[in-house]
Structure formats: C-alpha cells, structure tokens
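Colleague:
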Amino acid sequence: MSTLYIVATPIGNLSDASGRSIEVLGAVDGIFAEDTRRTRKLLDRYDLRTSLTSLHGHNEASRIPRVVTRLDAGESLALVSDAGTPLLSDPGERVVRAVLDAGHTVTPVPGPSAILSALVGAGFTTVPFIFHGFVPRKGKPRQVMLEQIASAPETSIVFESPERVATLLRALVALVADDRQVVVAREMTKIHEEFFRGTMAGAARYYAENKARGEVTVVVSPWSPAEGMAEVRESVDKVAARALARALVDEGLNLSQAAREVSSRLGIAKNAAYEIVHSLEGDSEEELG
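Quick note: the sequence shown uses this note's numbering, first residue 85, plus one each step.
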C-alpha cells in the first residue's frame, strides 16, 4: 500500500510553504501538478529536484491510470494545485477516489487556502460558511448560485475572475439590501494584497470605477431574518422563499405544506408565504407550455 499526499502550496507568498510540505515534496518519487511551471518555481525556491507530471482539468481522467500504476509499484506521490489546497475548485477529486478504490492511502498535508484566508480576514461569521467555487458565467446555474448567496443564512464565499467582479457585485445588488456587507479579497499574501470591506452597493460602485487585478475571492455576509422583514429586503425574501419552496416541493410536499414550512422557517407572514409559494404553479405551467 502506497501513499498519495495532497499537498497545500502557497497562494502567493512562497515563504508560506510549511516545513512539512517541503519535506514531503522533496521525499516523494513524483509530483502531479496542475501547472508544472508554477510548481517548478516553488521547488526551485527550496532546491528540490522531484520530477513533475501535469495533472489538470483537461487530462485528469487520463492521468488516473498512471497515478495508480505508480502507487501499485510502491512509489509515493504528491498532488498539488496551482496554489492553495488541492481539490477545492481544482482538479483531483477523481484521482483521490481512484487511489482509495485501489487500496492506497491518501494523506493531506494542510497549509495555505484562499478560502480560509479570506474567511478569517473578512470579519463575518465563520461557522457555518458555504464555499460555492467559481461563479458560473451565465444562464440558470449562475442565477441559482446568486440566489443561494442572497438568501443564505451562512457566510458565502466564491472565486471570481477580476474581469467579472464588477458584474458579479452589480448582480448581487439587485438581490440583497444595499447595506449587506461584502469583502473582496485580492492578491492575498502578495505585495499588493487588498481587502475591500463595505456594503454591497458600495463595492459595486468601487469596482465599477476601479478595475480589479489578480486573484479574487469574494465573501458575502449572511442573510439575516431581521433584515428580511424590511422593505428593502422584499426581493431577497421572495428569492429565499421560492428557493426553499421549490426544494420542499421537490422533496414531495404539496404547495400548502411547503407554504407553511416556508412561513415557519423564514419567519414571514403566512399569507405572504402562500402567495410566493403558489406562484410556483405559474412556473410549472410555463415549463409545461
């Protein structure tokens, strides 16, 4: 039985590499890396000469047999992403499953994480939180994610490209109260690290005038039931109610049962809950039409 190490690497500052991660990367027989050029810079920093093989989103499936074969032969291997902790919006899930199914050991070597760095630096509730990954560019998947963020009672975290940050914030402004808090963490651990802290409306204005650069992580404060009854929150109330109602109906509840659950869980008036939930009937008719 051999071991595949899942090694976290720096998200910007190479000095953030842990002693254990460097020890493992120097001791294994090979490293599978999302970007071999980027990983080579880290290895060169610590004078390591371990062989590198690419493993990214486009070739992960074809690399699995090679990983398993090498482990079967008694080698120890490491898996790294471009930066941070592998598998979190990075390739590797299928590799880990295949390695475990083959009877080998998977050992994490913890370290830097853009998700956790942004979370603890944001100043919002840290438990629970939801990490959504990268925001879809368009269509229903994008709208569903935005509605989930708008109505989530947990802190929400997403990755977004710098070119689309302003567009994302504008879209969220339409779904949340103007004073909903957001943190845009940019270039963390690097020379130009920036944490923009403010309201959603303020952030949208700022990034409409100031182009974001570098790696960006967006942290949105939780939805609060106390905010939900305010007039400015009417749109997100409906978003939350409709999302919850649809989930309940999909689970087998009828519309009346779903309305009662929505009223109870979200703390909104029963008549408002019934009106919102029964609007799903119109959606169904449109879908059938």
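Where is the CB? At the ideal position from N, CA and C, for every residue including glycine. As the structure is a computational prediction, the values presented were derived from the model and not from experiment.
Residues bridged to glycine 298 by DSSP?
Modeller: The residue given as residue 298 occupies position 214 in the sequence shown. Partner(s): none; glycine 298 has no beta bridge.
Colleague: What are the boundary residues of the beta strand (DSSP E) that includes histidine 216?
Modeller: As a position in the sequence shown, residue 216 is number 132, starting the count at 1. Histidine 216 -> beta strand (DSSP E) spans 213 to 218.
Colleague: Taking only the alpha-carbon atoms, compute the straight-line gap between glycine 96 and valine 300 and give it to the nearest angstrom.
Modeller: For the purposes of this step, residue 96 is identified with residue 12 of the sequence shown, where counting begins at 1. For the purposes of this step, residue 300 is identified with residue 216 of the sequence shown, where counting begins at 1. For glycine 96 and valine 300, the distance between alpha carbons rounds to 12 Å.
Colleague: Threonine 120 to valine 267, Cα distance in whole Å?
Modeller: For the purposes of this step, residue 120 is identified with residue 36 of the sequence shown, where counting begins at 1. For the purposes of this step, residue 267 is identified with residue 183 of the sequence shown, where counting begins at 1. If I take the Cα positions, the gap works out to 32 Å.
Colleague: Using only CA atoms, which one of Gly195, Gln232 and Lys274 lies nearest to proline 306?
Modeller: Stepping through the sequence shown from its first residue, residue 306 is reached at position 222. It is Gln232 whose Cα lies nearest to the Cα of proline 306.
Colleague: Which term fits glutamate 244, buried or exposed, when burial requires 16 or more other beta carbons within 10 angstroms of its beta carbon?
Modeller: Start at 1 with the first residue of the sequence shown, and residue 244 comes out as number 160. So glutamate 244 counts as buried.
Colleague: Checking the sheet assignment: what are the DSSP bridge partners for phenylalanine 279?
Modeller: The count along the sequence shown starts at 1 and reaches residue 279 at position 195. Phenylalanine 279 is bridged to Ala269.
Colleague: When you compare only the Cα positions, how much space is there between alanine 198 and histidine 216?
Modeller: What you label residue 198 is simply residue 114 of the sequence shown in a count that begins at 1. What you label residue 216 is simply residue 132 of the sequence shown in a count that begins at 1. If you take the alpha carbons of alanine 198 and histidine 216, they lie about 13 Å apart.
Colleague: Give me, in chain order, the residues of the same chain whose beta-carbon lies closer than 8 Å to that of glycine 114; leave out the 5 immediate sequence neighbours on both sides.
Modeller: In the sequence shown, counting from the first residue as 1, residue 114 sits at position 30. Only Thr134, Ser135, Leu136, Thr137, Arg154, Glu159, Leu161 and Ala162 meet the Cβ criterion.
Colleague: Count the other CB atoms within 10 Å of the CB of glutamate 335; is the residue buried (16 or more) or exposed (fewer)?
Modeller: Here residue 335 refers to the residue found at position 251 when the sequence shown is read from its first residue. Under this definition glutamate 335 is an exposed residue.
Colleague: Hey, how far is the Cα of glycine 205 from the Cα of valine 180?
Modeller: Position 121 of the sequence shown, counted from the first residue, corresponds to residue 205. Position 96 of the sequence shown, counted from the first residue, corresponds to residue 180. Going by the C-alpha atoms only, they are around 30 Å apart.
Colleague: Is the beta carbon of histidine 140 closer than 8 Å to that of glutamate 107?
Modeller: Position 23 of the sequence shown, counting from 1, holds the residue named residue 107. Position 56 of the sequence shown, counting from 1, holds the residue named residue 140. It is not a contact, given that the beta carbons lie outside the stated cut-off.
Colleague: Do proline 212 and glutamate 238 have their beta-carbon atoms positioned less than 8 Å apart in this structure?
Modeller: Within the sequence shown, numbered from 1, the residue matching residue 238 stands at position 154. Within the sequence shown, numbered from 1, the residue matching residue 212 stands at position 128. Taking 8 Å as the Cβ cut-off, glutamate 238 and proline 212 qualify as a contacting pair.
Colleague: Please name the residue, chosen from Ser308, Pro170, Asp174 and Gly176, that lies closest to phenylalanine 208 on a Cα-to-Cα basis.
Modeller: Your numbering for residue 208 matches position 124 in the sequence shown. The candidate whose alpha carbon is nearest that of phenylalanine 208 is Ser308.
Colleague: Locate the alpha helix (DSSP H) running through proline 237, then write down its first and last residues.
Modeller: Here residue 237 refers to the residue found at position 153 when the sequence shown is read from its first residue. Proline 237 -> no alpha helix (DSSP H), and no H or E assigned at all.
Colleague: Where alanine 258 and alanine 343 are concerned, what is the direct C-alpha to C-alpha distance, given to the nearest angstrom?
Modeller: Counting from one through the sequence shown, the residue named residue 258 turns up at place 174. Counting from one through the sequence shown, the residue named residue 343 turns up at place 259. Near 25 Å, if we compare the C-alpha coordinates of alanine 343 and alanine 258.
Colleague: What would DSSP say about valine 260, mapped onto helix, strand or coil?
Modeller: By one-based count along the sequence shown, residue 260 stands at place 176. Valine 260 falls in the coil class under three-state DSSP.
Colleague: When you compare the CB positions of valine 151 and isoleucine 241, do they come within less than 8 Å of one another, or not?
Modeller: Working through the sequence shown from its first residue, we reach residue 151 at position 67. Working through the sequence shown from its first residue, we reach residue 241 at position 157. Contact flag unset, no.
Colleague: For a quick check, are the C-beta atoms of arginine 178 and alanine 145 less than 8 Å apart?
Modeller: Reading the sequence shown from its first residue, position 94 is the one you call residue 178. Reading the sequence shown from its first residue, position 61 is the one you call residue 145. Yes; because the gap between Cβ atoms is below 8 Å, this pair is in contact.
Colleague: Return the residue from the list Asp262, Gly195 and Thr251 that minimises the CA-CA distance to serine 165.
Modeller: In the sequence shown, counting from the first residue as 1, residue 165 sits at position 81. Checking every option, the nearest Cα to that of serine 165 belongs to Gly195.
Colleague: Quick one: what does DSSP say serine 138 is sitting in, helix, strand or coil?
Modeller: Counting from one through the sequence shown, the residue named residue 138 turns up at place 54. Reduced to three states, the DSSP call for serine 138 is strand.
Colleague: Would valine 249 and alanine 296 qualify as a contact pair, given that the criterion is a beta-carbon distance under 8 Å?
Modeller: Within the sequence shown, residue 249 is the residue found at index 165, counting from 1. Within the sequence shown, residue 296 is the residue found at index 212, counting from 1. Their beta carbons are under 8 Å apart, which means valine 249 touches alanine 296 by this criterion.
Colleague: Relative to the alpha-carbon of proline 94, which residue among Gly223, Pro170, Asp185 and Lys224 has its alpha-carbon at the smallest distance?
Modeller: In the sequence shown, the residue the question calls residue 94 occupies position 10. Measuring from the Cα of proline 94, the nearest candidate turns out to be Pro170.
Colleague: How many Å lie between methionine 286 and alanine 255 at the Cα?
Modeller: The residue given as residue 286 occupies position 202 in the sequence shown. The residue given as residue 255 occupies position 171 in the sequence shown. Reading the sequence as shown, one finds glycine at residue 286 and not methionine. Glycine 286 and alanine 255: Cα-Cα distance of roughly 13 Å.
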